[in-house]
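Novice: Dumping the structure here so I can ask a few things about it.
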Amino acid sequence: MSQTGSSSITTLSNPLVSNSQTATHNLARRKTAQTLAFMLIWLSGLIAIAAVVWIIGYVMIQGASIVDLEFLTTRPQGGMDGEGGMSTTIVTTLYLVSLTIAIAAPLGIGAAVYLVEYATEASRESIFIARLISLSRSGVEILAGVPSIIFGLFGFALFVSAMKLKFSLLSAGLSGACLILPVIIRTSEEALLSVPRSLREGSLALGATRWQTIWGVVLPAALPGIITGIVLSIGRIIAETAVFWVTLGGSYRLPKNLLSSGRTMALHVYMLASETRAFERAMGTAAVLIIVIIILNLVINYLSRRLTARATGQR
Amino acid sequence: MRENKNTPSQLYTDAKEVDRPFLLIINNLLITVGSIGLGGYWLFQNQTFWQKIPSTADQFQAWLLFILIVGLGSTLLVGLWKYKNWARTGISFIFLIGLVYFLTNEFFTVATAIFAGNKALKIKELGSIIFTSLVHITTTCSIPLLLLIGLLKFAAFFNEAPAQRRFIDRTVRYFLLATALSAVLIVFLIIIFTISEAMPAIEKIGLENMLLGTIWRPGSATETQTLGQFGLLPMIVGSIYATLGATLLGVPLSIGAAILLAEVAPKPVREVVRPAVELLAGIPSVVYGLFGMVVLAPLVRNFEVPQNTGFGILTASIVLAVMIIPTITNIAEDAIRAVPHNYKEGSLALGATHWQTIYQVILPSARSGLMAAIILGIGRALGETMAVIMVIGNSIAMPAPLDNNLLTLVLSAARTLTGNIAVEINYASGVHRSALFFTGVLLFIMIMSINSIARSLMRERSTQ
Amino acid sequence: MVRKLSVLVAVLVSVVMILSACAPAAPAPEAPAAEVSAEVAPAAEAPTTVVPPAEALSGTLTLAGSTTVQPLAEKAGEAFMDANPDVTIEVQGGGSSVGITAAADGTADIGNISREVKKEELEANPEFQVFTVAKDGIAIVVNPKIKLDNLTKEQVRDIFSGKITNFKEVGGPDAPITVASREEGSGTRSAFQELVMQYKDASGNKVEDEIVATAILQSSNGALRTTVAETPNTIAYLSFGYLDDSVVTVNIEGIEANVENVLNGTYPISRPLNMITNGDPSPLAKAFIDFLLSDAGQAIAVEEGFITVK
């Protein structure tokens, strides 16, 4: 790598060696090249901002005409034009998020705790466990890269068909938990790693066992980071469609228990758009969806700012 | 009266009660009678329980059984509670689970009452529903909840003996190891299940037919030909074209934005652009698809090209390009920032302009990181499902130019591998379904290889 | 002393709470809530005649399958639920093939299909019971900007198989034809293929022309209708129940596409709307199907644009 760098520097050093006229001539050309290039760079930044503003603005404006209290509290009526509101979809999304987090958070945080606190020592003790642990780390990385439709297929094959759970909150929750597990593990690992060693050492010095230290000292200290991870996964679940399209079914009624089917907000947008073509209502639902996600983003920002404040000394 | 349980001698205070058996018996009798009373009260509230028991003779037996269970159970519980810490933990845990179950039930009921109706409820009705359920929760949960809280505050809860603490410490690590292995387990299960579901397709249709066949008509099974045709090549080509288009449109934009954020923009501009890019990442894919359907497709339809429906590879490429901007920009920006400062300073000192520095020094140094970013973006574009199926037209034909007009290729409808799965999985059965799982396996392999290339590139960068 | 008493009472109440929480905790809270929701649910809006409420029916009935039957099932379901408040009817779409598989493996109580059950399907599921709840015609529709009066069945076949590629070849304006169709699992598509795309060739063998590969596929009648309405130069087939002003129907062999012509048999493209159960239908399913076959149910079918069975 440094070779490439130095060769570039070598070629650049030439203008100084050549006579001043060539240097200024080159300079003018180089400056125009820079202006041109920078214009393009600013343009790309502008395009990115324009894209965000256009998409979100259009959806919000179109949706604002449809979203009112009645839209939010009436349930979808079905029918050919997608009449009705979106109340049941909001509640179903809430159910699904709680279920997914309830399943994935203990697993993910437990896994992160093990990988951070116990793994190094355990791998020294036994080669078998060392292999298991490295397998586990690669597993997390692989899971993080799997496209969501594969989770949907997997959930369909395992939970809906093989375990006969049919299209239900439960199978969707389990599939969604698989989806967000790597996110939770990664963010919790980072949060746990950022807890300073002195905290752990102090607690152990006071006579606490390792588990007491983790439970009473390390986890509370890492809590903001862990919560950031959980909020991130909540955002992912709310925005996710492909997985739930295949495992949740499409019924627009309110799920009565864990084994009934339902429709999340994102799924409702998809179905309104592609099956009934009721675009105004789809925009309305999409607008609510975007507002929820913006709120979540703000929460994440607030949490991560609080986290860095802690880490840099405002503790 | 708070007894300090932390001195060793007082750990055994509870044992004193065994010396006074009479008191113990009275204690337990009171508990038994009291719990029977309260239990009867509760059971009377649940009328349906009694409706299931038809005759009075059976009812009498039921009562006896009930008294027996409650009596024995409460004695056991009291004894355990006072003498064993793990029992206390367990009982509180069971109690809490019961509370959670009950509250969840209550929430489901309230939600059904409010939201399942046809119209929006008026404020008064809403209020009455919530009020009823709050009253219900209070009468059933609050007293035990308060008692439990009070108990946990006043009773020295975690004063276990050192042996207990060591036991917990030793067992917790295996429990946590199990959770750590859950990720591996899931990957394992995914691989096993998708491959086993895909096997019938590989056996009956054959890898060649699926990978190289150009016709996808699963339903064309007739009396003469028992198997439909499952050629995946149009979908593979469709995926490649859409991803290629997304890359061509999205990579320059993202790299430009990354350079902007890392090198060119002053701080106030950065504070605007970076949240914008992050917001792009947060928009759900269906909203992208909806936007593409409603806004982009009619725009693309304006091109005067035969068979242009507005739904096709171009629209899909535009949507995908916008979707992968945040992915690439994030990593590319990190890669550019990671280039050592002295490279930049040396170049500038030698008289190069800022752009020359960026173009000739910084970007080449950050090359592996940039490649990783681009490759991850490609992976994201390949794996995207919902946004694509809403704008790409989902036709089963191989995307091909019409009358040698290359523009028609760009505007033709197509179907991606992900779209194939999403559109047909709901009604596919038998070999058809198996073929869809094979599509999934194919997708899995493609994206895994792309991701591992990206990962190795990123690792190479970090070890420099 | 205080502590011991509190231990006592807490344990006692917790035992009792757990026991009663395991016992049907649901009916008690559901009783007040169910009354409230019964008051809240509005009276039936559909202009049906009085629906005779059956004896206390309760439970959940799931239907899945054809998107053509879906609005009929949903509207009838609403009316049925108003008459029987303890019943919940859930209707899902997915296409007629979903109806077959859902009925076969029990994912749904009733499978909706918008065509006849195929021979292979009956062989694979000998327990199937088929109930025809309505009849439906399939119209050929074009984008309103296309002026096309009449097509013969052969012309329709050649258009959809890609042999005819411009409207001017069949008496319309000079515009290249874009074909739109339902997805493969659709009963409407199967019925269309059987009725139009299949024919006997010169030697009397049954042949079926494939719908052209470049056709735009949509997964519901509603989406198909919007595609025809919004995309220029498009032609598609659509269930009668979905016809409205946004698309224009084409006469087939001189016969207009409307309900009377299906009833008197002159319009050639029509199919039954069926509901399938695997084995004998449950009492709830039977009640619902009977409701659909009753006068009130058939009135709903007519209102949705379908044709009665009687």
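Chains as they are written, first to last, in my numbering: chain A, 1 to 315; chain B, 1 to 464; chain C, 1 to 310.
Quick reminder that beta carbons are idealized off the backbone N, C-alpha and C, glycines included.
Since we're looking at a predicted model, the values are computed, not measured.
1) Using Cβ-Cβ distances below 8 angstroms, what residues of the stretch 440 to 458 of chain B are close to chain A?
2) For V52/A versus A276/B, is the C-beta distance shorter than 7 angstroms?
3) Going straight from the alpha carbon of A64/C to that of N258/C, what length do you get?
4) Look at the Cβ atom of A172/A, then the Cβ atom of F71/A, and state whether they are nearer than 7 angstroms.
5) Let me see if you follow: with CB-CB separation under 7 angstroms, is R30/A close to chain C or not?
6) What does T308/C touch in chain A if you count any residue whose Cβ is under 9 angstroms from its own?
7) Are A177/A and T285/A close, meaning C-beta to C-beta below 7 angstroms?
8) My parser needs the alpha helix (DSSP H) runs of 4 or more residues fully inside the stretch 227 to 289 of chain B; what are they?
9) Can you have a look at A31/C and say buried or exposed, based on whether 16 or more other CB atoms are within 10 angstroms of its CB?
10) For a contact defined as C-beta to C-beta under 8 angstroms, what are the partners of G256/B on chain A?
11) Since V441/B contacts I195/B with CB under 8 angstroms, what's their CB separation in whole angstroms?
12) Quick one: which chain A residues come within Cβ less than 9 angstroms of E90/C?
13) What are the boundary residues of the alpha helix (DSSP H) that A286/A is part of?
14) What is the rounded straight-line gap between the Cα of I228/A and the Cα of G235/A?
15) Would you identify the three-state DSSP class for M275/C, choosing helix, strand or coil?
16) By the 10 Å Cβ neighbour count, where 16 or more other Cβ atoms means buried, how is V250/C classified, buried or exposed?
17) Are the beta-carbon atoms of V195/A and A221/A separated by less than 7 angstroms?
18) Please list, in chain order, all residues of the same chain as L57/C whose beta carbon is under 8 angstroms from its beta carbon, the five residues on each side excluded.
19) Grouping DSSP H, G and I as helix and E and B as strand, with all else coil, what is P76/A?
20) Going by DSSP, which residues form a beta bridge with R170/B?
21) Which complete alpha helix (DSSP H) runs does the stretch 384 to 417 of chain B hold, if anything under 4 residues is left out?
22) In three-state DSSP terms, what is N166/C?
23) Does S220/C have its Cβ less than 7 angstroms from a Cβ in chain A?
24) In terms of residue numbering, what span does the beta strand (DSSP E) encompassing S181/C cover?
25) List, from N- to C-terminal side, the alpha helix (DSSP H) runs of 4 residues or more that fit wholly inside the stretch 178 to 216 of chain A.
26) Along chain B, which residues have their Cβ under 8 angstroms away from the Cβ of S148/A?
27) Suppose contacts are defined by Cβ-Cβ distances below 7 angstroms. Is A273/A in contact with M398/B by that definition?
28) Using DSSP bridges, identify the partner residues of I89/C.
29) Under 7 angstroms, do I216/C and G111/C count as touching if we go by C-beta distance?
30) Measuring only between beta-carbons, confirm whether L298/A sits less than 7 angstroms from chain C.
31) DSSP three-state label for E304/C, please.
32) I need the straight-line Cα distance from R189/C to L72/C, nearest angstrom please.
33) If we count Cβ pairs, one from each stretch, closer than 8 angstroms, do we get three or more for the stretch 200 to 210 of chain A versus the stretch 137 to 148 of chain A?
34) From which residue to which residue does the beta strand (DSSP E) around I216/C run?
35) Please list, in chain order, all residues of the same chain as T178/C whose beta carbon is under 6 angstroms from its beta carbon, the five residues on each side excluded.
36) Using the three-state DSSP reduction, which class does K145/C fall into: helix, strand or coil?
Specialist: Once the coordinates are examined:
1) Interface annotation for the stretch 440 to 458 of chain B against chain A: G440, L443, F444, I447, M448, N451, R455, criterion Cβ-Cβ distance under 8 angstroms.
2) Contact: yes.
3) Distance from the CA of A64/C to the CA of N258/C, rounded to the nearest whole angstrom, comes to 27 angstroms.
4) The answer is no: Cβ separation not under 7 angstroms.
5) So, not an interface residue.
6) Result: empty, since nearest Cβ-Cβ is about 20 angstroms, beyond 9 angstroms.
7) In this structure, A177/A sits away from T285/A, with a CB-CB distance that is not shorter than 7 angstroms.
8) The DSSP assignment places 233 to 259, 267 to 282 as complete runs of the alpha helix (DSSP H) inside the stretch 227 to 289 of chain B, in order along the chain (cut-off: 4 residues).
9) In this prediction, A31/C scores a pLDDT of 32, lower than 50, which makes its location untrustworthy; no coordinate-derived value is stated.
10) Within chain A, the residues near G256/B are L40, I41, L43, S44, G45.
11) Rounded, the Cβ-Cβ distance is 6 angstroms, consistent with contact.
12) Those are G249, S251, Y252, R253, S260, S261, listed as they occur along chain A.
13) Looking at the DSSP string, the run of the alpha helix (DSSP H) that includes A286/A is 279 to 309.
14) In the sequence as presented, Ile is not what sits at residue 228/A; that position holds Thr. The C-alpha of G235/A is placed about 11 angstroms away from the C-alpha of T228/A.
15) Looking at M275/C - three-state DSSP - the assignment turns out to be strand.
16) Buried, since its Cβ has 16 or more Cβ neighbours within 10 Å.
17) Against a cut-off of 7 angstroms, the Cβ pair of A221/A and V195/A comes out as a contact.
18) So the list reads N84, D86, V87, P283, L284, A287, once near-sequence residues are dropped.
19) Reduced to three states, the DSSP call for P76/A is strand.
20) R170/B pairs with nothing; no bridge assigned.
21) Whole alpha helix (DSSP H) segments, 4+ residues: 386 to 391, 406 to 411.
22) In the three-state reduction of the DSSP assignment, N166/C falls in the strand class, which pools E and B.
23) True, the Cβ-Cβ gap to chain A drops below 7 angstroms.
24) Its beta strand (DSSP E) spans residues 178 to 182.
25) List check, alpha helix (DSSP H) in window: 197 to 205, 210 to 213.
26) Within chain B, the residues near S148/A are G383, T385.
27) No; because the gap between Cβ atoms is not below 7 angstroms, this pair is not in contact.
28) Per DSSP, L61/C.
29) Going by C-beta atoms, I216/C is not nearer than 7 angstroms to G111/C.
30) No, L298/A lies away from the interface with chain C (no Cβ there is under 7 angstroms from its Cβ).
31) Looking at E304/C - three-state DSSP - the assignment turns out to be coil, as it is neither helix nor strand.
32) Cα atoms of R189/C and L72/C: separation of roughly 18 angstroms, rounded to the nearest angstrom.
33) Counting C-beta pairs closer than 8 angstroms gives fewer than three between the stretch 200 to 210 of chain A and the stretch 137 to 148 of chain A, which falls short of the contact rule.
34) Judged by DSSP secondary structure, I216/C falls within the beta strand (DSSP E) whose first and last residues are 216 to 218.
35) These residues qualify, in order along the chain: N233, T234.
36) Assignment of K145/C by DSSP, reduced to helix, strand and coil, places it in the coil class.
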